[in-house]
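Comments concern the structure below.
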């Protein structure tokens, strides 16, 4: 299986790949031999992440909400190396009371969490379709399984991309393109810390109620994503791979 699990010679484009889950995915795919392209809005984290990863990593400062720039951007990347793997990881959240949420705030969440992965996958899949191969991974969420407090807009989007993965698996499968979603458990990232800063007891509750105890590690997700992108998963498409220590299957939550 060592040959099949390798990503040597493949190029992976990872949005939001400079920090958190995105960086962990970049790190593990790099370790598996892939050439990595990370994109994000902030230059400094991108430079730092690329330096940590090594010479097979390149970075581009790019705002995924600017969908009108996708075609030119992807064409530029494809001229350098075909994109074999796309990981739609870039995301934001806004935790607040449902009745206080504005239409503008909703649109901001949707632009990053739903519209961007939909349209970017389309732009990349056009080239994958010509080559009759490729792998697209969406990042879903336990919010698509469990009802969670004050993240309704985020839940709409994450439920949507999980369904989108299944739909695209059906439509793109005949072209040799596999599409899956990766569903993280509670990962102690900056985003989780910020959204729970006023409720630290919630973090302890999550840790205690996870059957395997503790939080999901970003490395767990990186390894899962690398597996899904590899030839070892060549006949796996249309699934939502949950990496959560069992919390979504536990009555305790």
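In the numbering used here, the protein residues as written are 78 to 330.
Ideal placement from N, C-alpha and C gives every residue a C-beta, glycine not left out.
Predicted model only: the values in this text are computed from it and were never measured.
Contact between residue 229 and residue 178 holds, with the beta-carbon distance rounding to 7 Å and staying under 8 Å. Non-local C-beta neighbours of residue 78 in its own chain, meaning closer than 8 Å and more than five positions away in sequence, comprise 309, ordered along the chain. Judged by DSSP secondary structure, residue 138 falls outside any alpha helix (DSSP H) and instead within the beta strand (DSSP E) spanning 134-138. Sequence-distant Cβ neighbours of residue 212 in its own chain, meaning closer than 6 Å and more than five residues away, are 162, 255, 306. Excluding residues up to 5 positions away in sequence, 211, 254 lie with their Cβ nearer than 6 Å to the Cβ of residue 205 in the same chain. Under DSSP, residue 215 shares a beta bridge with 165, 258. With a cutoff of 8 Å on beta-carbon distance, residue 220 and residue 314 are scored as not near each other. Assigned with DSSP and collapsed to three states, residue 228 falls in coil, not helix or strand. Only residues of its own chain outside the window of five on either side were considered, and among them 88, 204, 208 have a CB closer than 8 Å to the CB of residue 159, listed in chain order.
Where residue 116 is concerned, the enclosing beta strand (DSSP E) starts and stops at 112-117. Using a Cβ-Cβ distance cut-off of 8 Å, the segment 186-199 and the segment 108-126 are not in contact, since fewer than three pairs of beta carbons, one from each stretch, lie closer than that value. In this structure, 258 is the residue among 258, 232, 233 with its C-alpha nearest to the C-alpha of residue 244.
Note that the segment 104-114 does not touch the segment 317-328; fewer than 3 beta-carbon pairs, one per stretch, sit closer than 8 Å. The C-beta of residue 143 has fewer than 16 other C-beta atoms within 10 Å across all chains shown, which makes the residue exposed. In this chain, the beta strand (DSSP E) harbouring residue 89 covers 88-92.
Separation of the CB atoms of residue 127 and residue 136 is rounded to 5 Å, and the pair is thereby assigned contact status at 8 Å. Rounded to whole angstroms, residue 99 and residue 299 show a C-alpha spacing of 8 Å. For residue 305, the enclosing alpha helix (DSSP H) has its first and last residue at 295-306. About 19 Å separates the Cβ atoms of residue 171 and residue 92, ruling out a contact at the 8 Å cut-off.
DSSP, read as helix, strand or coil, puts residue 223 in coil. Bridge partners of residue 318 according to DSSP: 259.
Rounded to the nearest whole angstrom, the CA to CA distance from residue 280 to residue 134 is 34 Å. In the DSSP assignment, residue 326 falls outside any alpha helix (DSSP H) and carries neither an H nor an E. Contact between residue 262 and residue 320 holds, with the beta-carbon distance rounding to 6 Å and staying under 8 Å.
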